[in-house]
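Asks: Numbering-wise, full-length UniProt numbering puts 25 at position 25 of the sequence shown, and it's gapless, one number per residue.
What follows is a structure written as structure tokens; I'll ask about it next.
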Amino acid sequence: MGWAATTPGGRGGAIIRVTNLNTDGPGSFAAAVATKGPRIVVFEVGGVIDLGAKELKISEPYLTIAGQTAPSPGITFIRGGIDVATHDVVVQHIRVRVGDAGLPKKSGFDCDAMGTSGAAHDVIFDHNTVTWATDENMSASGQRFEGSDPDRWRQMASHRVTFSNNIIAEGLTFATHAKIEHSKGSLIHDNANDILIVNNLYAHNYERNPLLKGGVRAAMINNLIYDPGQRAVHYNLMAEEWGDKAWQVGKLTLVGTVLRAGISTPANLAMVELGGYGDLELYMKDNIAVDQIGRPIPFTGRYTTSPAKIITMKEPPLWPPYVTPMPVEKVQQYVLHNAGARPWDRDYNDVRLIADVAEGRGYIIASQDELHGYPVQKPTARPFNPDDWNLNDMTPKNPAALDSGSKAKGT
């Protein structure tokens, strides 16, 4: 879906098999994504890959990461994150659980779970689970102010990026980030554009569910936001960071999205809040925003005394291609059933989180140790058989045969 929908990813390229759970070296995930040329990364192992308190940067384009091919329990990365700093990449059915890596508070381990940087474009993150980040859980960044032309700024920021069907949750507050409090969902950085956020679950993030910074052009369709802390969706052009550059008007289309307050949510909260100094063109349709007992809460608010304003649009300022929104009444059930990595084979933490959202439980956490710590999974192995898969889109030819370790849990 969205502006990135036409990316080929690694379609038609070499099949690269991940054969071990090592951090790097032959047969590792790191070696697979570093291979040059179009490629489809598949997994002949399942289990946990420890990134050793580092970020794994993907710099080679034309890549599909097919986590759905792993044997149960799938692939989970811990103590680090994945950064896509290139173009034409599809990432599916991967779990990233960053955590504090056992490091001291305020030690400077500031790590996104998953996202883009530089001028990354035509990137799709679909059906992933990203939690316990010490920076953002899932973001789109870039150069922001390359040159003096705003069109150049947008070209050099992340653009044509889709976040679809992901669980984006439980960012750690008061952990290892240098600024201390940093439980954040998604940061869509200044001038990022053609960003689609669709069918995702945001849960238990203090802020940035998401934060759209100055000049961002984005669409949010059919997301479920549960238990935000200080803010849910917010827009903020920070003049202190823009200097003498010409402020750009942000553009946001927000349709069919549900906001439910939780235990961590303050009473004075709006679905979309305006901060900073720049104006935001906002189109809203068919949304629900309620407190813990179902009473409506405001759709818009502000946390600035500047002249910045929300410009209410009668028509969307932008609309993503290949997206047909569902009615908002269907969003909660759809998202809880479909979001996250391997919904047919959810791990313990995803099952727990989904149950908490459904029942109105859970809260913002400071450490993964509040939730039994990092996952410990017995490694599994199974040869990859290309005859079992439609290699053009990495869907199984027989979905009923998908390897599942969770059917007994009713997931």
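Glycine included, every Cβ here is placed at the ideal spot set by N, Cα and C.
For clarity, every value in this text was computed on a predicted model and none was experimentally measured.
From Ala355 to Asn338, what distance separates their C-alpha atoms?
Replies: Looking up residue 355 in the sequence shown gives position 355. Looking up residue 338 in the sequence shown gives position 338. Distance between the alpha carbons of Ala355 and Asn338: 13 Å.
Asks: Quick one, are the C-beta atoms of Ala219 and Leu353 less than 8 Å apart?
Replies: Position 219 of the sequence shown, counted from the first residue, corresponds to residue 219. Position 353 of the sequence shown, counted from the first residue, corresponds to residue 353. Not in contact: Ala219 and Leu353 (Cβ atoms no closer than 8 Å).
Asks: Do you know how far the Cα of Leu187 is from the Cα of Ile65?
Replies: In the sequence shown, residue 65 corresponds to position 65, counting from 1. In the sequence shown, residue 187 corresponds to position 187, counting from 1. One C-alpha to the other measures close to 23 Å.
Asks: Got a sec, what are the start and stop residues for the beta strand (DSSP E) Met114 sits in?
Replies: Here the question's residue 114 lines up with position 114 in the sequence shown. Where Met114 is concerned, the enclosing beta strand (DSSP E) stretches over 114 to 116.
Asks: Looking only at its chain, what residues have a beta carbon closer than 7 Å to the beta carbon of Ile310, apart from the 5 residues adjacent to it on each side?
Replies: Start at 1 with the first residue of the sequence shown, and residue 310 comes out as number 310. Hits under 7 Å: Leu274, Leu280, Leu282, Thr300.
Asks: Taking the alpha helix (DSSP H) that Val331 falls in, what are its first and last residues?
Replies: For the purposes of this step, residue 331 is taken as the residue at position 331 of the sequence shown. Residues 331 to 338.
Asks: For Gly13, which of helix, strand or coil comes out of DSSP?
Replies: Position 13 of the sequence shown, counted from the first residue, corresponds to residue 13. Of the three classes helix, strand and coil, the one that applies to Gly13 here is coil, per DSSP.
Asks: Buried or exposed: where does Pro228 fall if 16 or more other Cβ atoms within 10 Å of its Cβ makes it buried?
Replies: Here residue 228 refers to the residue found at position 228 when the sequence shown is read from its first residue. The residue in question, Pro228, is buried, as its Cβ has 16 or more Cβ neighbours within 10 Å.
Asks: What does the alpha-carbon distance come out to for the pair Leu254 and Met313?
Replies: Numbered from 1 along the sequence shown, position 254 holds the residue referred to as residue 254. Numbered from 1 along the sequence shown, position 313 holds the residue referred to as residue 313. Those two C-alpha atoms are separated by around 11 Å.
Asks: Just verifying my parser: in three-state terms, what is the DSSP assignment at Tyr348?
Replies: Taking the sequence shown and counting its residues from 1, one reaches residue 348 at position 348. Here Tyr348 sits in helix by DSSP.
Asks: Between which two residues does the alpha helix (DSSP H) holding Val32 run?
Replies: Counting from 1 along the sequence shown, the entry for residue 32 is found at position 32. Reading the sequence as shown, one finds Ala at residue 32 and not Val. Residues 29 to 34.
Asks: Just list the beta strand (DSSP E) runs in the region 233 to 308, keeping only unbroken ones of 3 residues or longer that don't cross its boundaries, in chain order.
Replies: Within the region 233 to 308, the complete beta strand (DSSP E) runs of at least 3 residues are 233 to 237, 250 to 255, 258 to 260, 272 to 276, 280 to 285, 288 to 290, 300 to 302.
Asks: Along the chain, where does the beta strand (DSSP E) that runs through Arg160 open and close?
Replies: On the sequence shown, residue 160 is found 160 positions in, with the first residue counted as 1. Unbroken beta strand (DSSP E) run through Arg160: 159 to 164.
Asks: Please name the residue, chosen from Trp132, Lys213, Tyr235, that lies closest to Phe145 on a Cα-to-Cα basis.
Replies: On the sequence shown, residue 145 is found 145 positions in, with the first residue counted as 1. Among Trp132, Lys213, Tyr235, the Cα nearest to that of Phe145 is on Lys213.
Asks: If I follow the unbroken beta strand (DSSP E) through Arg95, where does it start and stop?
Replies: Translated into the one-based positions of the sequence shown, residue 95 becomes position 95. 95 to 97 is the extent of the beta strand (DSSP E) around Arg95.
Asks: Is DSSP giving Arg79 helix, strand or coil here?
Replies: As a working note, residue 79 is residue 79 in the sequence shown. It is a strand residue.
Asks: On the CB-based measure, 16 or more other CB atoms within 10 Å of its CB, does Gly25 come out buried or exposed?
Replies: As a working mapping, residue 25 is identified with position 25 in the sequence shown. The residue is exposed, with fewer than 16 neighbouring Cβ atoms inside 10 Å.
Asks: Excluding the five sequence neighbours on either side, which residues of its own chain have a C-beta within less than 6 Å of the C-beta of Thr173, listed in chain order?
Replies: Position 173 of the sequence shown, counted from the start, is the residue given in the question as residue 173. Glu181, Ser183, Tyr206, Ile364, Ala366.
Asks: By Cβ distance below 7 Å, which residues in the same chain neighbour Ala30 in space, the five residues on each side in sequence not counted?
Replies: On the sequence shown, residue 30 is found 30 positions in, with the first residue counted as 1. Here the set comprises Thr23, Asp24, Leu56.
Asks: Gly115 and Leu63 - do their beta-carbons sit closer together than 8 Å?
Replies: Residue mapping note: residue 63 aligns to position 63 of the sequence shown, counting from 1. Residue mapping note: residue 115 aligns to position 115 of the sequence shown, counting from 1. No.
Asks: Rounded to whole angstroms, what is the Cα-Cα separation between Ala14 and Pro38?
Replies: By one-based count along the sequence shown, residue 14 stands at place 14. By one-based count along the sequence shown, residue 38 stands at place 38. Each residue's Cα considered, the two are about 6 Å apart.
Asks: Residue range of the alpha helix (DSSP H) that Arg152 falls in?
Replies: Along the sequence shown, one-based indexing puts residue 152 at 152. Note, Arg152: alpha helix (DSSP H), 150 to 156.
Asks: Can you tell me which of the three DSSP states Asp24 falls into?
Replies: Counting from one through the sequence shown, the residue named residue 24 turns up at place 24. Asp24: coil per DSSP, three-state reduction.
Asks: Measuring only the C-alpha atoms, how far is Val98 from Ser306?
Replies: Position 98 of the sequence shown, counted from the first residue, corresponds to residue 98. Position 306 of the sequence shown, counted from the first residue, corresponds to residue 306. Near 36 Å, if we compare the C-alpha coordinates of Ser306 and Val98.
Asks: When the Cα atoms are used, what is the spatial distance from Pro316 to Ala70?
Replies: Along the sequence shown, one-based indexing puts residue 316 at 316. Along the sequence shown, one-based indexing puts residue 70 at 70. Their Cα atoms are separated by approximately 40 Å.
Asks: Which residue from His189, Val42, Lys285 puts its Cα closest to that of Ala120?
Replies: Along the sequence shown, read from residue 1 onward, the residue named residue 120 stands at position 120. Ranking the options by Cα distance to Ala120, first place goes to His189.
Asks: Over what stretch of residues does the beta strand (DSSP E) that includes Val89 continue unbroken?
Replies: If you number the sequence shown from 1, residue 89 lands on position 89. Note, Val89: beta strand (DSSP E), 87 to 92.
Asks: Mind checking whether Val84 and Val41 have CB atoms under 8 Å apart?
Replies: Counting from one through the sequence shown, the residue named residue 84 turns up at place 84. Counting from one through the sequence shown, the residue named residue 41 turns up at place 41. No.
Asks: With a CB to CB cut of under 6 Å and the five nearest residues on each side skipped, what residues in its chain are close to Val272?
Replies: If you number the sequence shown from 1, residue 272 lands on position 272. Answer for Val272: Val233, Thr300, listed in chain order.
Asks: Let me check one thing: in DSSP terms, what residues is Met220 bridge-paired to?
Replies: Within the sequence shown, the letter at position 220 stands for residue 220. Note: Met220 sits in a beta bridge opposite Ile197, Leu254.
Asks: Between the region 191 to 205 and the region 147 to 162, are three or more C-beta pairs nearer than 8 Å?
Replies: These segments touch.
Asks: For Gly340 and Val45, what's the separation of their Cα atoms in angstroms?
Replies: Against the sequence shown, residue 340 aligns to sequence position 340. Against the sequence shown, residue 45 aligns to sequence position 45. Cα-Cα distance, rounded: 20 Å.
Asks: Should Val376 be labelled buried (16 or more other beta-carbon atoms within 10 Å of its own) or exposed?
Replies: Counting from 1 along the sequence shown, the entry for residue 376 is found at position 376. The residue in question, Val376, is exposed, as its Cβ has fewer than 16 Cβ neighbours within 10 Å.
Asks: Which class does Thr411 belong to by DSSP, given the choice of helix, strand or coil?
Replies: Position 411 of the sequence shown, counting from 1, holds the residue named residue 411. Caution applies to Thr411, whose pLDDT of 32 falls short of 50 and renders its modelled position unreliable; the value that the coordinates give is listed next. Here Thr411 sits in coil by DSSP.
Asks: Just reading off the beta strand (DSSP E) that Met138 is part of, what are its end residues?
Replies: Translated into positions along the sequence shown, residue 138 becomes position 138. Unbroken beta strand (DSSP E) run through Met138: 138 to 140.
Asks: Is Ala401 buried or exposed, if buried means 16 or more other CB atoms sit within 10 Å of its CB?
Replies: Within the sequence shown, numbered from 1, the residue matching residue 401 stands at position 401. That one is exposed.
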